[in-house]
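> Residue numbers (my numbering): 2 to 598.
Before anything else, here's the structure in question.
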């Protein structure tokens, strides 16, 4: 026994188990930076979706709604299509000791920011697609951020920590559509500032804003992405165990602060102490936790492992699970469930935008009353004739970009409210798996009802945008169902992917696979749904695309019963220790997967 152990016998100290709460969650500043990284990434997607259809129409105003539907699906899917190829690569790079999670996250933020500038100044459909492909290829932020969240806090806080990422998604779904919709065509939206004879426009208005009416909205996304990249560089700590790279960002920031303090106080000891702490951080001797009781509790639980590592001086690198052994049954079922979830989520995002922006149409049941009689100025324009069939009807809501932005923001408003008011209570009472499985049954219902909004009474006549109490009530009802389901399914899917990892050494790889899986089906979802929408819109059945997606989402309900909440460490390698029955036993050879549930 060492002198430290004799004078400070850890065995004699017992600590009550810490109940995870929001107030005692450790590493709040680190989680805040990671949460912001997801916010800015979601923001650029939510903002672009608001005006995507109208920007495509501006490239060629003569294109029909069915062609625009297909183009919108391709444009939205192109970003995630590129992620299919690169996500696993970014995940593997994030697991490498000389690269780490932080660098992958920063590359994704900066690269996506540059691609958004390209989309904003694009003048053709092809240019916009190319820039989105480049942005998706370089974007490995999802896997990196999720992995860092998992490694920043103890597993007891995972349900709350992972809830922050969907919360960022919902907040971005409020801010992105509203700001994106307002900044489209700024010369027309703010004529006093940028139009002719305006404050900044002079006599002729701001020329580049006239030529590129969607650039300002994209520039806002770029600014936010670049600002977050700076915050990650100088404020976020690397979480990869065994990381060998230089923490130059955090080190230089701390060094600047220390120099300022020394210049005013003249205390050289501060710099020495700061550098000592920095070195200890690199050696893994300081955890960076804010809550001392949590740290002591973890120290007591893991004393044998920590003392053993210190005695060895960490001379041996951590064992790594081979890539060929990560494909457990739980990993496969979890990825399958996530695939279905992301397919219909991507399909919904595209269908919702298309449906909101599609022109209103009538389907007369009486051949003696032709379509022309319902045009503006006709004595029959106030009539809303419906097909005799409850399934054969067509038309959307004809919303302009600002109204689309508000309709999209409803998604975020409802999501934020449910996420912080309902989710913690329900998850604590019924558990992760019950909430996850039950929520999936709401998706088919929401998708089945969505197209019927176009049949609700409107206070405006065709072809003006739909409006009125019943229209917005229908929108709120469908979105409440969809967002309520997403509120439980999205954080659960993140946690399930994280916990399905068979070994901690492949956690980044698992999240990379999860991102590739998600990207694959978020690519197919919008593209296929856009094609279905355009095809059946021409046939006068606007709801068919919705009902196909509803059927696919129902398959996710079935798959969820084969998914289980894993431990994150089911395979134990040589020299590792497995806690079993209250004791610790060492594995001296490669072990088979554990059967924990």
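Idealized CB from N, CA, C, for every residue including glycine.
Here the structure is a predicted model, which means the values were calculated and not measured.
(1) Where does residue 497 land, buried or exposed, given buried means 16+ other C-beta within 10 angstroms?
(2) What are the boundary residues of the alpha helix (DSSP H) that includes residue 174?
(3) Are the CB atoms of residue 336 and residue 96 within a distance shorter than 8 Å?
(4) Quick check on DSSP: helix, strand or coil for residue 557?
(5) Thinking C-alpha only, which one of 105, 503, 69 and 203 is nearest residue 528?
(6) My assumption, with CB atoms under 8 Å, is that residue 339 sits in contact with residue 494. Please give the rounded CB distance.
(7) Are the C-beta of residue 392 and some C-beta of chain B separated by less than 8 Å?
(8) Are residue 441 and residue 490 close, meaning C-beta to C-beta below 8 Å?
(9) Using the DSSP secondary-structure output, state which residues sit across from residue 199 in a beta bridge.
(10) Give a yes or no on contact between the region 134 to 149 and the region 445 to 458, applying the rule of three or more CB pairs nearer than 8 Å.
(11) Identify which residue in 360, 456, 564 and 328 has its Cα closest to the Cα of residue 464.
(12) So, residue 500 versus residue 568, is the Cβ gap smaller than 8 Å?
(13) Examine the Cβ distances between the region 470 to 477 and the region 538 to 546 and report whether three or more of them are shorter than 8 Å.
(14) Going along the chain, which unbroken runs of the alpha helix (DSSP H) with 4 or more residues stay wholly within the region 64 to 113?
(15) Quick one: any contact between the region 28 to 36 and the region 89 to 105, if contact means 3 or more CB pairs under 8 Å?
(16) Drop a sphere of 10 angstroms on the beta-carbon of residue 209, count the other beta-carbons inside from all chains shown, and report buried for 16 or more, exposed for fewer.
(17) Could you tell me whether any non-hydrogen atom of the ligand FAD is closer than 7 Å to the CB of residue 66?
(18) Looking at residue 182 and residue 513, is the spacing between their C-beta atoms short of 8 Å?
(19) Could you spell out the range, first to last residue, of the alpha helix (DSSP H) harbouring residue 157?
(20) I need the DSSP call for residue 241, collapsed to helix, strand or coil.
(21) Going by the beta-carbon positions, is the gap between residue 19 and residue 229 smaller than 8 Å?
(22) Are residue 38 and residue 233 touching if we call contact CB-CB under 8 Å?
(23) Which of the three DSSP states is assigned to residue 453 in this structure?
(24) Enumerate, from N- to C-terminal direction, the unbroken alpha helix (DSSP H) stretches of 4 or more residues contained entirely within the region 377 to 446.
(25) Leaving out five residues before and five after residue 276 in sequence, what residues of the same chain have Cβ atoms less than 7 Å from its Cβ?
(26) Among 239, 77 and 171, which residue has its Cα nearest to the Cα of residue 481?
(27) DSSP three-state call for residue 20: helix, strand or coil?
(28) Under 8 Å, do residue 73 and residue 57 count as touching if we go by C-beta distance?
(29) How far does the alpha helix (DSSP H) with residue 362 in it reach, from first residue to last?
(30) Please confirm if the region 148 to 167 is in contact with the region 110 to 127, defined as three or more CB-CB distances below 8 Å between the two stretches.
(31) So what does DSSP say about residue 327, is it helix, strand or coil?
(32) Using the three-state DSSP reduction, which class does residue 492 fall into: helix, strand or coil?
(33) Return the CA-CA distance between residue 554 and residue 445, expressed in angstroms with no decimal places.
(34) Figure out for me which residue from 124, 355 and 188 has the closest Cα to the Cα of residue 531.
(35) Quick check on residue 215: does DSSP put it in helix, strand or coil?
(36) What is the DSSP secondary structure of residue 574, reduced to helix, strand or coil?
Reading from the atomic positions:
(1) buried
(2) 165 to 184
(3) no
(4) helix
(5) 69
(6) 5 Å
(7) Absent here is chain B; the protein component of the structure consists of one chain.
(8) yes
(9) 203
(10) no
(11) Measuring C-alpha to C-alpha distances from residue 464 to each of 360, 456, 564 and 328 identifies 360 as the nearest.
(12) Inclusion of residue 500 and residue 568 in the CB contact set at 8 Å is warranted, their separation being smaller than that value.
(13) no
(14) 66 to 96
(15) no
(16) Residue burial is scored here from C-beta neighbours: residue 209 has fewer than 16 other C-beta atoms within 10 angstroms and is therefore classed as exposed.
(17) As presented, the structure is devoid of all ligands, the ligand FAD included, so that no description of it is given.
(18) For residue 513 and residue 182, no; Cβs fall outside 8 Å.
(19) Premise fails: residue 157 is in no alpha helix (DSSP H) and is neither H nor E.
(20) coil
(21) No, the pair does not count as a contact, with Cβ atoms beyond the cut-off.
(22) yes
(23) helix
(24) 402 to 422, 424 to 431 and 433 to 441
(25) Any reading at residue 276 must be qualified, since the residue scores a pLDDT of 45, below 50, and its modelled position is unreliable; the value itself is stated next. Closer than 7 Å at Cβ, skipping near neighbours: no residue.
(26) 171
(27) coil
(28) yes
(29) From DSSP, residue 362 is part of no alpha helix (DSSP H); its letter is neither H nor E.
(30) no
(31) It is coil, neither helix nor strand.
(32) helix
(33) C-alpha separation (whole angstroms): 6 Å.
(34) 355
(35) Three-state result, residue 215: coil.
(36) It is coil, neither helix nor strand.
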